[in-house]
Amino acid sequence: MPSTSFKLNTGAEIPSVGLGTWQAQPGEVAIAVEHALRSGYRHVDCALIYQNEKEVGTGIANSGVPRSEVFLTSKLWNSFHDNVQKSIDQTLADLGVESVDLFLVHWPVRLVPNEGSELFPMNADGTRAVDKDWDQAKTWAAMEEVLAQGKAKAIGVSNWSIPYLEKLSQTWEVVPAVNQVELHPFNPQHELKAWCDKRGILLEAYCPLGSTNSPLLSDPELNQIAEKHGVSPATILISYQPARGVVVLPKSVSKGRIEQNLKLIDLDESDMEVLNGMAAKGKQQRVNTPLFGWDLGFDDWYPEQATAKLARGGYNKTW
Ligand code: A2P
1 MPSTSFKLNT GAEIPSVGLG TWQAQPGEVA IAVEHALRSG YRHVDCALIY QNEKEVGTGI
61 ANSGVPRSEV FLTSKLWNSF HDNVQKSIDQ TLADLGVESV DLFLVHWPVR LVPNEGSELF
121 PMNADGTRAV DKDWDQAKTW AAMEEVLAQG KAKAIGVSNW SIPYLEKLSQ TWEVVPAVNQ
181 VELHPFNPQH ELKAWCDKRG ILLEAYCPLG STNSPLLSDP ELNQIAEKHG VSPATILISY
241 QPARGVVVLP KSVSKGRIEQ NLKLIDLDES DMEVLNGMAA KGKQQRVNTP LFGWDLGFDD
301 WYPEQATAKL ARGGYNKTW
């Protein structure tokens, strides 16, 4: 069976499956979290920008599962890079906890809050209000302070490519425990995984199912593997990540799917070969490219296209 937990570089254990809460609406997420914890989940992945952390806190409280048994992750939002304390304090108050188990820099991008918006500020010309001169080393130093204060038991990053990590490694005192990125067979990020493995940074997979309107679930090769094992394609996608040493964070607000998503199966070598090779065969595709209009350093990140789409108003409500 694939590992049910991994060890962080802090020595702490992290359950290999966690409940994702992005796009879980405030009205439904408390019930989803409560149900997940009652069904056996011991790991919930949150973020300030999901704007539902109060309800996540309610779900944890209602589950009756002690706080000490739940691995809780949250993330610093982009518009708080110059005030990390404000972001973590808000999160702790909303979740109703004294500390989180893991706190991540959500994106290596600082947004400059303005009168129009604290969370999603725009410039007058319709582009995102990105602080292009911000030094991420400052953000990381503030994250290290959060760790020292005990407000987070471990710190890490999210959406960081190799070039961004290389740069940060020149100044970090604490090596990030985790890098949470979009991972599924259409975007396996093998090189990033090798880079992080070498330095003891654990990868976590968000959008492991391909998010809403998933292009993966109908993939014929994936369905063949699912049929072979007599399980759903989602079970294959979820089992794939721990099998390659990656934490997996499927999001669901449906009780049946929440339960299904905790069940991992064994994949054999030939399954892994197919899943590992899909992107290289021409299926490479991201499902989540927030349009900051900023180059995040991934091979397939196209800042020009993102900027053009942003100018046309083609970003979704949240991002
Ligand atoms: P729902 O919340 O209604 O279950 P990802 O984790 O890749 O972001 O994907 C989340 C999307 O996949 C959501 O739309 C979620 O819908 C759906 N989903 C979650 N679990 C399953 C499953 N086992 N089978 C099919 N779709 C799922």
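At position 75 of the sequence shown (counting the first as 1) the number is 75 in the working numbering, and the numbers step up by one without a gap.
C-beta atoms are modelled at their ideal positions from N, C-alpha and C, and glycine is treated no differently.
All values derive from a computational prediction rather than experimental measurement.
Contact between residue 101 and residue 71 holds, since their C-beta atoms are separated by about 5 Å, short of 8 Å.
In terms of Cβ geometry, residue 287 and residue 225 do not form a close pair [threshold 8 Å]. For residue 156, the three-state secondary structure derived from DSSP is strand. At the C-beta level, residue 140 and residue 172 come within 8 Å of one another. A distance below 8 Å separates the beta carbons of residue 58 and residue 30. Taking C-beta separations shorter than 6 Å and ignoring five residues to either side along the sequence, the partners of residue 298 in its chain run 161, following chain order. The three-state reading of DSSP puts residue 67 in helix, counting H, G and I together. DSSP places residue 249 in the coil class of the three-state scheme, outside both helix and strand. DSSP places residue 103 within a strand segment (E or B) once states are collapsed to three. For residue 118 and residue 248, the gap between their C-alpha atoms comes out near 30 Å. Classified as exposed, residue 191 has fewer than 16 neighbouring CB atoms from the shown chains inside 10 Å of its CB. Residue state for residue 138 is assigned as helix, using DSSP reduced to three classes. Residue 277 has its CB no nearer than 7 Å to any heavy atom of the ligand A2P. Assigned with DSSP and collapsed to three states, residue 121 falls in coil, not helix or strand. Separation of residue 2 and residue 238 (C-alpha to C-alpha, rounded to the nearest whole angstrom) is 11 Å.
Looking at 206, 256, 217, 216, the one whose alpha-carbon comes closest to that of residue 23 is 206.
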